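Chemist: Chains W and C, in that order, are what the protein sequence lines are.
Each residue of the first sequence is one higher than the last, beginning at 3 in my numbering.
Each residue of the second sequence is one higher than the last, beginning at 3 in my numbering.
Every residue gets a Cβ at the ideal spot worked out from N, C-alpha and C, and that includes glycine.
The structure presented is a predicted model; accordingly, all values stated were derived computationally and were not measured.
My questions will all concern the structure given below.
Protein chains: 2
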Amino acid sequence: MTNENQIDLSNQSLDPLFNPRSVAILGASANKYKIGNLQVKTLLDGKFIGEIYPINRKAKEIEGLKCYPSLLDVPNDIDLAIFCLNAEQVQQGLEECAKKNVKAAIIFSAGFSETGQEGIEKQKVLTEIAKKNGIRIVGPNCVGLVNLSNGLIGTFSPAILSVPLDGQQGVGYVSQSGAFGVLTYMAAAQNELSFNYFVSVGNEMETEFSDIVEYMIHDPKISVISGYLEGSKNPEKLRILAKDALDKNKPIIVMKTGRSIAGSRAAASHTGSLAGSDHVYDAFFTQSGIVRADDYEDIISFSKLFLSNKLPKGRNTVIITSSGGRGINEADRCEANGLTIIPLSEKTKEKIMLNIPTYASASNPVDLTAAASVSNPELFIAPLRALIEDPEVDNIIFTEFPNYWDADHPLLKEFIGLCKASDKFIFITSFPLVGMSIPQGTAELVKNGIPVVPGNLNPIRGFAKLVEYSEYYRKNKELHVFEQLEIPKLIEKQDIEKLLPAGKTLSESEASAILDHYQIPTTKRSLATTAEEASNFATKMGYPVVLKVDSPDIPHKTEADAIRLNVKDEQEVVKAFTEITRNALKYKPDAIINGISVQEMLPEGVEVIIGANNDPVFGPVIMFGLGGIFVEVFKDVSLRVAPISRKDAHEMIEEIKGKAILKGTRGKDPVHIESIIDVLLKVSALVTDYKDSIKELDINPLIVYRDGIKAADAMLVIGNESEVKTTIRG
Amino acid sequence: MTNENQIDLSNQSLDPLFNPRSVAILGASANKYKIGNLQVKTLLDGKFIGEIYPINRKAKEIEGLKCYPSLLDVPNDIDLAIFCLNAEQVQQGLEECAKKNVKAAIIFSAGFSETGQEGIEKQKVLTEIAKKNGIRIVGPNCVGLVNLSNGLIGTFSPAILSVPLDGQQGVGYVSQSGAFGVLTYMAAAQNELSFNYFVSVGNEMETEFSDIVEYMIHDPKISVISGYLEGSKNPEKLRILAKDALDKNKPIIVMKTGRSIAGSRAAASHTGSLAGSDHVYDAFFTQSGIVRADDYEDIISFSKLFLSNKLPKGRNTVIITSSGGRGINEADRCEANGLTIIPLSEKTKEKIMLNIPTYASASNPVDLTAAASVSNPELFIAPLRALIEDPEVDNIIFTEFPNYWDADHPLLKEFIGLCKASDKFIFITSFPLVGMSIPQGTAELVKNGIPVVPGNLNPIRGFAKLVEYSEYYRKNKELHVFEQLEIPKLIEKQDIEKLLPAGKTLSESEASAILDHYQIPTTKRSLATTAEEASNFATKMGYPVVLKVDSPDIPHKTEADAIRLNVKDEQEVVKAFTEITRNALKYKPDAIINGISVQEMLPEGVEVIIGANNDPVFGPVIMFGLGGIFVEVFKDVSLRVAPISRKDAHEMIEEIKGKAILKGTRGKDPVHIESIIDVLLKVSALVTDYKDSIKELDINPLIVYRDGIKAADAMLVIGNESEVKTTIRG
């Protein structure tokens, strides 16, 4: 990192956006139907604690505030300017901001990069003005920014004001979609969680998604960073930030849309960002420790659960219910979300049974029967005590709770006392009916760290995300010791620049030479240009051997019938040489043929594939899978963005469905997993070192044995400059 | 079917339960806290249209109604008795019902089969009384039955009354869980859909889930049959009913819980029904044309969509939105649920673009931008017209709609006119915020067949279920012609009784002999007891051959090293014979060895597996998968309950992930799919004919070629009587 970056490590220069002492509204209006009026009103209604200066050439006063004909007429300093202007007026407004030394701006106006080439040019001009004058900008083409702690309702959307403005509990939210952002903000508030910050980043001209994330990581008021993302403009930065957030135990939870083909196409056109593969996003989130929300509900329920200040210790979960049906349904949900509904020990069951009716069930889900919620609320206490005493239990979920227990009820107090003294994660949920099943003592429960999450927020899925986060968090703590999260330096950058000519596809022997430089085991091989040479090489190597055409133009040697396995003697070598040469030329008459490669014949092993691709968003991405049909038919592969850590490499192997094959099935020995990890890390080093050149790498098959590994074939494509993603942008 | 069944084909004898002219309440009470009082009040509050007779030994009057000391004192006939009694009083009450000639009863009381052996015995006594006297009974251990059309609120749960009683639109609901049933009922009503019927079947003593389904199929007031199921007591009947319902275009949609291990364990203990594998339920629903709801929301949204009286023509779906983010999110949802978000033709896009702003998007999802919902509602019209004209579009989903259009708005009228004239499925959904985005003209839209489904009901998933149902429905119509849905009689029942001795595992040659009887191609084989005999057989058969031990005690021949492939001459036969005999005895010294099987050596082909298992709920279930690692590691199998139709067999092959391998990958020929179907149907015939004997059948591998198929090995286990499921219960 440069010194320049270090000056603003926390993105403190964004402070005037979030905490301006004074705000000017460019284009303020007395017309109730114009956003220039709505914006003045939202600031007043939000009780913004700083100065407000409406700017309007003609008006004297707007909504009771003195009006100024221009920004330059305002007698005091202005921290933030909010642009309620047409696209055409924006440039002039920004120039005035520069003159007035305004530190930040929110630009709502649409009509820039989202509209095509002309808009892109217009936006470029704005960017230059902003950069030159150090003005931090949210937008253009956004719905603004809200900070509830100082009443800065920097948006024209009156919807934001229709929800309670005092419920903030430390959750920040940043969105690439204005409308979806407002909806999520409102849904959260309707469920008694008002986000501290709401930022709609719009076209991300000067400030983008990860800048806001960075600001929030360094803001002590913020405990959870949440967002809606369609495509990241700076994944490298996001990855570094995510590590920082994990160190600080500030979860980042992001709803990334565009999972589907149509969705990802639309996301690309909507935000003007590159699409990238959603599978790569999945890999990226996993390896960065960012929680991926499946929908907006996850953000709300996750936050409510996280704000209890406990983290789940594991996946072992017990459900306590007063309805058999609800218990079964929630057990299904838990298992579908990767939680374990453990069978209870006899000892625990006995303890529970002592205190519940004979027709109730002490198995997990524990069914207290309707008696518990209707007439015998004391049933909620003893089973909880028994479960708290059981060391195998990590989490306890109540699917109902006596809704007539008020804050002073002695049983509620006993319940809270039990929960507080325990390190188990305990929470309460409900069936999503309006006005039903929410206990009266909810506020008391929540205050004491026992979350109550309404059923309409998909609380089990939200909880599973929290368990996932806890695992990231713990692993991050533990792995500091073993440095498994660091990118290992197995090998220094090798000087192979001249072996990577732009725009070329390398032949197998050329590609293998590069693997040799990175100490990836390849087969013994020699390139023969005559049959005699071939048979000499074979004799020296020892029979049997393999003969293959070596040509950048014939990557599919089997298809061309230009490969001979198990060649056993001199005579067969000569025959193979002739046939391969003939077939190759027949298959592709204009192919450049470097020669016929003579290679050792590898014994049978388990075939795997390691590849790399240059993703338009993420740069080099590493792929691992089992060879042949498993990749082609079952698409059983795992991905990670390079460079990868030892932990990543390990997880890549664990993630594939066919991993049992590596561990030995049907009487076969397990293969040497460490050597796969070694190749993954070396491939990662190679494609990271040459991320500006290597477009595609394919080691297929890579054969793994009980005690080692060897690349039996390789393919490498060098990109033209425009085809490969370069270093960190803006 | 017997004549007895034909008398009550539609379960008309359940009519007194649903439409009693008079109801007696046993255990009626003046005490406001007793269910005997609540039940009288719910009938009064529900404005039940028949006579109500409270029965109480002492009281003169309850809630203003004349009270009778006993059932026999009531001067008039009684159709239905509702039992508000302790478990101990139920038998006497039922005996009085018999004397009084009461036709039906609802028994709330718990304390019967759900509590263990003693309760089971008590319940048996009740069953006998009911059967002998022809009394139809719902319960015991249930929350009752509701019929909104006559005010029969046959439940003590006042919650049922807290929702509108006049919103019924033809949906019947039957539940194995009382509490979950009531919650679903209420959730539906809160979303403006009151179920006509609500039935909580409790212990299903005399009347079970499918009886209620049968009644509703024959009730002209009912258009959709929905339910909550933990375990079916009579799947055979349900399957027959499902076909009937499909013929009548009455969808059956069932939420089946117990998907997870813990959930299925709990379901088994909760309802006292057998667990059965959830995968088999999935297969059963698919082959029966029953829609499986993933959650209660699906039942409500599916019903709302179905009640529009249109069926989707296909999966090609277009989303129209005024928020880019919402559009992407809904597109993701659609694809995740198996719908296709089609790219629009240039022609359609041009038509749309003529009528929307330049910064809007004419691609799918069509993004009208915020302008549409805020200021330019006419934007909703022209794109719709263009999409209706496009023959490739099946469905159009609006993610928002101008919420200020009231019923008389001319644009709403134009919108309705366009939708009504089109055969495309068009509906409106919203983001799940309280009090947001629901158009004022909703009632008018719904009345005209344009469903409006709130976002909290997971409308896209509900819609995908409707598309699935439409496909069942259409296939059922079409297939009548080809009779693909019928169970084909490829082969008559074979007399093999004596080859199936109870409790035995058959050796390969014994199992193969049974396959021969059902004309399933097996390898040429002879059983040799000496090496000489073996070599004679081999010579006659032609080399190479395979030698295998033939023993019921050694199913895993490879593990025992008791199999030799590719045996090439007499000398090798003798060697193989000796080795196999020795290895087999070493592997299992007390094994019964029938001899050494000499078989033709089959050429290479694609290995598949066909198996059958006797499921405790469903009886014989057929399994299909690719051989070896694909089954063992990837669990890539498909299931169907026997007997199967040609359509089922076809779908079994289509369902496996590795089907591409059958169709030819990596330069290989496709295999002969018809011969797999043939074996599947013959296996189905065999295990159905002998469902009381065959516990397990495993043809593995079954080798498929370009032009045929052969079973290379087989295993068959005959059950003891208690191990196999027999015919239809109760």
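#1: Could you confirm whether any beta carbon from chain W is found closer than 8 Å to the beta carbon of residue 362 of chain C?
#2: Using only the alpha-carbon positions, how far apart do residue 666 of chain C and residue 673 of chain C sit?
#3: So, at 6 Å on beta carbons, what are the nonlocal neighbours of residue 505 of chain W in its own chain, with the 5 sequence-adjacent residues on each side left out?
#4: Cβ of residue 614 of chain W within 8 Å of Cβ of residue 575 of chain W?
#5: Comparing the C-beta of residue 352 of chain C with each C-beta of chain W, is any distance below 8 Å?
#6: Comparing C-alpha positions only, which one of W/566, W/196, W/687 sits nearest to residue 495 of chain W?
#7: Note down, in chain order, each residue of its chain lying with its Cβ closer than 6 Å to the Cβ of residue 315 of chain C, except the 5 sequence neighbours on either side.
#8: Check the DSSP bridge columns for residue 547 of chain C and list the partner residues they point to.
#9: Determine the DSSP secondary structure at residue 717 of chain C, reduced to helix, strand or coil.
#10: I'd like the list of long-range same chain contacts for residue 351 of chain W, defined as Cβ closer than 8 Å, with 5 residues on each side in sequence excluded.
#11: Kindly indicate if chain C contains any beta-carbon less than 8 Å away from that of residue 659 of chain W.
#12: Would you give the residue range spanned by the beta strand (DSSP E) that residue 256 of chain W belongs to?
#13: Could you spell out the range, first to last residue, of the alpha helix (DSSP H) harbouring residue 217 of chain C?
#14: Can you round the beta-carbon distance between residue 451 of chain W and residue 409 of chain W to whole angstroms, since I take them to be within the 8 Å contact cut?
#15: If you reduce the DSSP assignment to three classes, tell me which class residue 417 of chain W lands in.
#16: What does residue 635 of chain W touch in chain C if you count any residue whose Cβ is under 8 Å from its own?
#17: Anything in chain B within Cβ reach of residue 295 of chain W, meaning under 8 Å, just list it in chain order.
#18: Would you tell me roughly how many angstroms separate the C-alpha atoms of residue 716 of chain W and residue 510 of chain W, rounded to the nearest one?
#19: Could you spell out the range, first to last residue, of the alpha helix (DSSP H) harbouring residue 207 of chain C?
#20: Using alpha carbons as the reference points, say which of W/261, W/257, W/139, W/332 lies closest to residue 294 of chain W.
#21: So for residue 633 of chain W, helix, strand or coil by DSSP?
#22: Would you report the Cα separation of residue 215 of chain C and residue 227 of chain C, rounded to the nearest angstrom?
#23: How big is the Cα-Cα spacing for residue 237 of chain W and residue 342 of chain W?
#24: Let me confirm a value: residue 267 of chain C is counted as buried when at least 16 other C-beta atoms fall within 10 Å, else exposed. Which label applies?
#25: Using the C-alpha atoms, what's the distance from residue 152 of chain W back to residue 225 of chain W?
#26: Would you kindly report the start and end of the unbroken beta strand (DSSP E) that includes residue 622 of chain W?
#27: Measuring CB to CB, does residue 259 of chain W end up less than 8 Å from residue 360 of chain C?
#28: Grab the span of the alpha helix (DSSP H) containing residue 757 of chain W for me, first residue to last.
#29: Would you mind working out which of W/663, W/372, W/671 sits nearest residue 181 of chain C, comparing C-alpha positions?
#30: Which of the three DSSP states, helix, strand or coil, is assigned to residue 686 of chain C?
#31: Here's a check: name, in chain order, each residue in its chain whose Cβ is nearer than 6 Å to the Cβ of residue 179 of chain C, leaving out the five neighbours to either side.
#32: Run through chain C and tell me which residues come within less than 8 Å of residue 259 of chain W, C-beta to C-beta.
#33: Between residue 148 of chain C and residue 305 of chain C, how many whole angstroms is the CB-CB distance? I'm expecting something under 8 Å.
#34: Between the Cα of residue 28 of chain C and those of C/59, C/332, C/326, spot the shortest distance and give me the residue it belongs to.
#35: At what residues does the beta strand (DSSP E) containing residue 326 of chain W begin and finish?
#36: Any chance the stretch 615-634 of chain C sits against the stretch 555-569 of chain C, with 3 or more Cβ pairs inside 8 Å?
Modeler: If we stick to the structure as given:
#1: No, residue 362 of chain C lies away from the interface with chain W (no Cβ there is under 8 Å from its Cβ).
#2: About 7 Å.
#3: Result list for residue 505 of chain W: 722, in chain order.
#4: No, the pair does not count as a contact, with Cβ atoms beyond the cut-off.
#5: Residue-level contact check: residue 352 of chain C does not touch chain W, since none of the beta carbons of chain W fall below 8 Å from its beta carbon.
#6: Minimum Cα distance to residue 495 of chain W is reached at W/687.
#7: Taking C-beta separations shorter than 6 Å and ignoring five residues to either side along the sequence, the partners of residue 315 of chain C in its chain run 396, following chain order.
#8: Bridge partners of residue 547 of chain C: C/569, C/602.
#9: Residue state, collapsed to three classes: strand.
#10: Apart from the 5 residues on each side of it in sequence, residue 351 of chain W sits with its Cβ closer than 8 Å to the Cβ of 364, 365 in its chain, given in chain order.
#11: Yes - at least one Cβ of chain C is within 8 Å of the one on residue 659 of chain W.
#12: Element bounds for residue 256 of chain W: 254-258.
#13: Residues 211-219.
#14: That belief does not hold up - the Cβ atoms of residue 451 of chain W and residue 409 of chain W are roughly 15 Å apart, past 8 Å.
#15: Under the three-state reduction of DSSP output, residue 417 of chain W falls in the helix class.
#16: Those are 659, 660, 662, 663, 667, listed as they occur along chain C.
#17: Annotation note: the requested chain B is absent from the structure, which comprises protein chains W and C.
#18: Computed Cα separation, rounded: 5 Å.
#19: Boundaries for residue 207 of chain C: no alpha helix (DSSP H) harbours it, and the DSSP string shows neither H nor E there.
#20: Comparing Cα positions, the closest option is W/257.
#21: DSSP places residue 633 of chain W within a helical segment (H, G or I) once states are collapsed to three.
#22: Their Cα atoms are separated by approximately 7 Å.
#23: Roughly 33 Å between the two C-alpha positions.
#24: With 16 or more neighbouring CB atoms inside 10 Å of its own CB, residue 267 of chain C falls in the buried class.
#25: Straight-line spacing of the CA atoms in residue 225 of chain W and residue 152 of chain W works out to 18 Å.
#26: Where residue 622 of chain W is concerned, the enclosing beta strand (DSSP E) stretches over 621-628.
#27: Cβ atoms of residue 259 of chain W and residue 360 of chain C: not closer than 8 Å.
#28: Lying before the first or after the last residue shown, residue 757 of chain W is absent from chain W, which here runs from 3 to 732.
#29: Closest option to residue 181 of chain C, Cα to Cα, is W/372.
#30: Residue state, collapsed to three classes: helix.
#31: Exclusion of the five residues before and after residue 179 of chain C leaves 230 as the residues of its chain whose Cβ lies within less than 6 Å of its Cβ.
#32: Chain-ordered, the chain C residues with CB closer than 8 Å to the CB of residue 259 of chain W read 327, 330, 331, 334.
#33: The Cβ separation is near 16 Å, so there is no contact.
#34: Measuring from the Cα of residue 28 of chain C, the nearest candidate turns out to be C/59.
#35: Looking at the DSSP string, residue 326 of chain W is not in any beta strand (DSSP E); the run it does join, the alpha helix (DSSP H), is 326-338.
#36: At 8 Å Cβ cutoff, the stretches do not touch.
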